[in-house]
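Please read the structure below before turning to the comments.
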Amino acid sequence: MVPLQLVGSLRKELADSLSTCRVLVVGAGGIGCELLKNVVLTGFKNIEVIDLDVIDVSNLNRQFLFQKKHVGKSKAQVAKESVLQFCPTANITAYHDSIMNPDYNVEFFRNFMLVMNALDNRAARNHVNRMCLAADIPLIESGTAGYLGQVTVIKKGLTECYECQPKPTQKTFPGCTIRNTPSEPIHCIVWAKYLFNQLFGEEDADQEVSPDTADPELSWNPADTEARATASDQDGDIKRVSTKDWARSTGYDPVKLFNKLFKDDIRYLLTMDKLWKKRKAPLPLDWLEVTGTGLKDQQVLGVAGYCQLFSRSVETLRSMLADKGDGAELVWDKDDPPAMDFVTAAANLRMYIFSMNMKSRFDIKSMAGNIIPAIATTNAVIAGLIVLEALKILSGDVEHCRTIFLNKQPNPRKKLLVPCALDPPSANCYVCASKPEVTVKLNVHKTLVLALQDKILKEKFGMVAPDVQIEDGKGTILISSEEGETEGMRQSQNIIRLSQRRSVEDCILHSTVMGLHLKYLYCSNNIMTFFRIVEMHVFCKTALVFCKTALVFCATRESCGRAKQTQTMMLPLPYFTVGMRF
């Protein structure tokens, strides 16, 4: 009997595999810091890590590879330097960059035996999921939400991918999104709750509300980003004061608070011109202009109404704080009317500034009560589980991999960690199914080409750089990922007008085929999804109710028979081919 050879606690064959394989860690934040420490201590030698973010002072309470002297520096680079102190012989490459940069294509991913995700946003998770499927590389996906966590393994053809099942609404968000570039109402609600604590409650460096001058999107040069962050901490010879101290110095004057938060800070954001090249710029509000004339076409109370609510809530909260005595703090509670009024008013004003539809007090209350903080110990547990699943993959035991849930309370068997068998790919997934297909229902008379590109292909289906070609025998390009290739094509045209470029004979030839077919390609792997865009008006009266909705998505295979049964003439539309370059 041959004795079992061990290197540390690992079999020699596995230890040798760890020392030679290349792995990619995506993200160097909460989970990423713990994960990088774990992988080098386990014996991994060839590691590449990528993260776009820079270190903020609010990261220091849970991202233990960073110190105060590192504030403003690249997370990936500092994490590399810190981890090398654990294992100086490790070969670590750090990228201060976005994983969604086109440079990191399918060929880049094929360089690795394994990819480990430590991300905090869905768009990047979707992208890495698709790239690993295209490259046929195992992916270990992870995430945390307060005391809850999850780790799962994704392997092409064997398991569900990240997009097989619908995901709940995200409840944790990057600080630069909250402070600089909110794009959803929940971002403004989080900002308003942070503002409440900064003004009336316990101040937390994690909950800063002022513009973030160290936003990584402002600069792709780590040195520039570090300099900007350092400058923001020093501001020359001017002594910086906290938001609460400044508010106290004004006597919590509602007008001064309003103009600082919704005019001066917004004007400062506008000076960060790189943020607004591909976004609609925010609109500053001035107290006198808003309350003097009122702004029309606003939902719910309107801007003037929320200005008055902001003023009344600040005065009430100021009195409550004074009644508690010096050094007292208020605790935000969604069932406390003045606190809820403040968050409702502040959130809605910020929504207006960033061109979002404002929300009712009821909606904001339901959303504001479900925001989850980051917990350091949860990150540590999840990072450990990632490494355990990685060891199974590298041992060739993928079938023994599990989805593992970390719960807040023990289950009936008194277990906090609950392993579950991996599910097979979903037959209805438009990303990883063997013959994926999606039906998109919309009004082709009103939907613009720009909406097809931005709202459908990019926003709803997560394509980074879609290419759309009309299959008219001429190879007409409708949407291109190459700049300037579609300059002659007016993106303000609607889809049906573009379909009329085809000849009558073509329309007759394809009149038995319903809808607009889009083919979504994963490069040379030839994994494709067929998208059928259906003109809503061809259906019977029960289906016409959907016409009031701009876009309705379903993942079923719509047959032509349903349209043929109606008395309305079916509108023939062209074929389209869509691909995304990796």
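All residue numbers for the sequence shown refer to full-length UniProt numbering, where the first residue is 1 and numbers rise by one. We put the beta carbon where it would ideally sit given N, CA and C, even for glycine.
Residues bridged to residue i by DSSP?
{"i": "C142", "result": "The question names Cys, yet the displayed sequence has Ser at residue 142. The partner list for S142 (beta bridge, DSSP) reads V151."}
{"i": "E48", "result": "L24, T93"}
{"i": "I404", "result": "V151, P419"}
{"i": "N117", "result": "V26"}
{"i": "I137", "result": "In the DSSP output, where bridge partners are listed per residue, I137 has none listed."}
{"i": "residue 601", "result": "Examination of residue 601 is not possible in this model, given that the chain is present from 1 through 582 alone."}
{"i": "V54", "result": "S74"}
Could you tell me the distance, in whole angstroms, from the CA atom of residue i to the CA atom of residue j?
{"i": "M358", "j": "E163", "result": "30 Å"}
{"i": "T250", "j": "K460", "result": "45 Å"}
{"i": "I386", "j": "K193", "result": "33 Å"}
{"i": "H127", "j": "L133", "result": "10 Å"}
{"i": "L257", "j": "D56", "result": "25 Å"}
{"i": "L349", "j": "V464", "result": "31 Å"}
{"i": "C176", "j": "K441", "result": "35 Å"}
{"i": "I375", "j": "K12", "result": "35 Å"}
{"i": "R22", "j": "N121", "result": "24 Å"}
{"i": "E141", "j": "I31", "result": "11 Å"}
{"i": "S98", "j": "G327", "result": "43 Å"}
{"i": "T556", "j": "D423", "result": "The predicted model places T556 with a pLDDT of 27, which falls under 50 and marks its position as unreliable; any figure quoted below should be read in that light. T556 and D423: Cα-Cα distance of roughly 20 Å."}
{"i": "L416", "j": "T152", "result": "16 Å"}
{"i": "T271", "j": "I477", "result": "37 Å"}
{"i": "residue 629", "j": "G384", "result": "Shown here, the chain extends from 1 to 582; a query on residue 629 therefore has no answer."}
{"i": "residue 650", "j": "S355", "result": "Residue 650 cannot be examined here, being either before or after the span of the chain that is shown, 1 to 582."}
{"i": "V190", "j": "K365", "result": "11 Å"}
{"i": "I154", "j": "P254", "result": "52 Å"}
{"i": "S360", "j": "M340", "result": "11 Å"}
{"i": "A334", "j": "V343", "result": "The sequence given here places Lys at residue 334; Ala does not occur at that position. The alpha-carbon atoms of K334 and V343 are separated by roughly 9 Å."}
{"i": "D136", "j": "I479", "result": "28 Å"}
{"i": "R312", "j": "A346", "result": "12 Å"}
{"i": "K45", "j": "P88", "result": "10 Å"}
{"i": "E389", "j": "Q469", "result": "42 Å"}
{"i": "K433", "j": "C161", "result": "The residue asked about is misnamed: residue 433 is Ala in this sequence, not Lys. Answer to the nearest angstrom: the Cα atoms are 9 Å apart."}
{"i": "D454", "j": "G462", "result": "10 Å"}
{"i": "V209", "j": "L114", "result": "38 Å"}
{"i": "P419", "j": "K260", "result": "50 Å"}
{"i": "L195", "j": "V314", "result": "11 Å"}
{"i": "M351", "j": "G302", "result": "12 Å"}
{"i": "D51", "j": "L148", "result": "23 Å"}
{"i": "S481", "j": "T439", "result": "23 Å"}
{"i": "I92", "j": "R413", "result": "41 Å"}
{"i": "K263", "j": "C401", "result": "53 Å"}
{"i": "L309", "j": "F362", "result": "15 Å"}
{"i": "E329", "j": "Y104", "result": "48 Å"}
{"i": "R62", "j": "K435", "result": "43 Å"}
{"i": "P166", "j": "N129", "result": "14 Å"}
{"i": "P410", "j": "R279", "result": "45 Å"}
Our contact map puts residue i next to residue j with C-beta atoms below 8 Å; I'd like the distance itself, whole angstroms only.
{"i": "D265", "j": "P211", "result": "6 Å"}
{"i": "V25", "j": "M131", "result": "Not confirmed; about 15 Å, so no contact."}
{"i": "residue 583", "j": "A118", "result": "In the structure displayed, the chain extends from 1 to 582; residue 583 sits before or after that span and is not available."}
{"i": "F86", "j": "L41", "result": "6 Å"}
{"i": "S82", "j": "H96", "result": "In fact, because the Cβ distance is near 15 Å, the residues do not count as touching under 8 Å."}
{"i": "residue 649", "j": "T159", "result": "For residue 649 there is no data in the structure shown, the boundaries of the chain being 1 and 582."}
{"i": "A28", "j": "V49", "result": "6 Å"}
{"i": "C307", "j": "W287", "result": "7 Å"}
{"i": "A304", "j": "V290", "result": "6 Å"}
{"i": "P284", "j": "I353", "result": "7 Å"}
{"i": "I47", "j": "A90", "result": "6 Å"}
{"i": "M466", "j": "K458", "result": "Looking at the sequence provided, one finds Pro at residue 466 rather than Met. Indeed, because the Cβ distance is near 7 Å, the residues count as touching under 8 Å."}
Cβ of residue i versus every heavy atom of the ligand FAD: is any distance shorter than 7 Å?
{"i": "A376", "result": "With respect to the ligand FAD, the structure shown offers nothing to examine, as it has no ligands at all."}
Looking at C-beta atoms only, is the number of pairs between the segment 315 to 333 and the segment 182 to 200 that lie closer than 8 Å three or more? yes
How do the segment 378 to 387 and the segment 28 to 48 stand: do at least 3 beta-carbon pairs fall below 8 Å, yes or no? Between the segment 378 to 387 and the segment 28 to 48 there are three or more C-beta pairs closer than 8 Å, enough to call the two in contact.
Contained alpha helix (DSSP H) runs [length at least 4] in the segment 241 to 315, N- to C-terminal order: 243 to 249, 254 to 259, 265 to 270, 287 to 293
Whole alpha helix (DSSP H) elements within the segment 413 to 459, 4-residue minimum: Fully contained in the segment 413 to 459 is no alpha helix (DSSP H) run of length 4 or more.
Cβ contact check for the segment 446 to 455 and the segment 418 to 438: 3 or more pairs under 8 Å: no
Touching by the beta-carbon criterion (3+ pairs, under 8 Å), the segment 178 to 192 and the segment 69 to 82: Contact between the segment 178 to 192 and the segment 69 to 82 is absent, with fewer than three C-beta pairs closer than 8 Å.
Using 8 Å as the cut-off, can you tell me whether the segment 11 to 22 makes contact with the segment 102 to 109, which would need three or more C-beta pairs spanning the two stretches below that distance? no
Within the chosen definition, does the segment 405 to 421 reach the segment 388 to 397 through at least 3 CB pairs nearer than 8 Å? no
Could I get the ranges of all uninterrupted alpha helix (DSSP H) runs contained in the segment 345 to 369, with 4 residues as the minimum, in chain order? 361 to 368
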